[in-house]
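> Sharing a structure with you now.
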Amino acid sequence: MRGYLLQDGGTSVLFDCGNGVLGNLGRVLDPTHLDAVFITHAHVDHFADVYALQAALRYSPAGPLPPLPLHLPRGSSRAWHAS
908 MRGYLLQDGG TSVLFDCGNG VLGNLGRVLD PTHLDAVFIT HAHVDHFADV
958 YALQAALRYS PAGPLPPLPL HLPRGSSRAW HAS
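Count along the sequence shown starting at 1, add 907, and that's the number in our numbering.
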């Protein structure tokens with residue numbers, strides 16, 4: 908499980924979002940209040956909960972929320988969109 912929350916002022920950025928990260932994040936910050944997510948590399952222990960985060964944004968009690976900026980390592984977005 909990998910994930911690091913960085914906060915400065917009113918900005919909250921998550922670096923990596925591995926399995927179990929959203930559960931731990933929820934203890935300190937509502938995941939729907941993130942401003943961006945950065946994935947450092949394409950190992951599943953660094954991105955598995957991105958899919959759960961997407962569902963949390965889409966099915967928020969307040970209604971669908973806009974997508975978060977998701978920053979991926981160079982070249983990885985083509986591999987993830989190949990299917």
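All residues carry an ideal CB built from backbone N, CA and C; glycine is no exception. This one's a predicted model, so the numbers in the text were calculated from it and none came from an experiment.
On the CB-based measure, 16 or more other CB atoms within 10 Å of its CB, does Gly910 come out buried or exposed?
Along the sequence shown, one-based indexing puts residue 910 at 3. The residue in question, Gly910, is buried, as its Cβ has 16 or more Cβ neighbours within 10 Å.
> So Val935 is in the beta strand (DSSP E); what residue range does that whole segment cover?
Numbered from its first residue, the sequence shown carries residue 935 at position 28. Where Val935 is concerned, there is no enclosing beta strand (DSSP E), given that its DSSP letter is neither H nor E.
> Which same chain residues, not among the five before or five after His950, have their C-beta less than 7 angstroms away from its C-beta?
Walking along the sequence shown from the start, residue 950 turns up at place 43. Result list for His950: empty, nothing under 7 angstroms.
> Count the other CB atoms within 10 Å of the CB of Ser990; is the residue buried (16 or more) or exposed (fewer)?
Position 83 of the sequence shown, counted from the first residue, corresponds to residue 990. The pLDDT assigned to Ser990 is 34, lower than 50, so where the model puts this residue is not dependable, and the model offers no usable value.
> Pull up the distance between the alpha-carbon of Gly982 and that of Asp923, whole angstroms please.
In the sequence shown, the residue the question calls residue 982 occupies position 75. In the sequence shown, the residue the question calls residue 923 occupies position 16. Roughly 17 angstroms between the two C-alpha positions.
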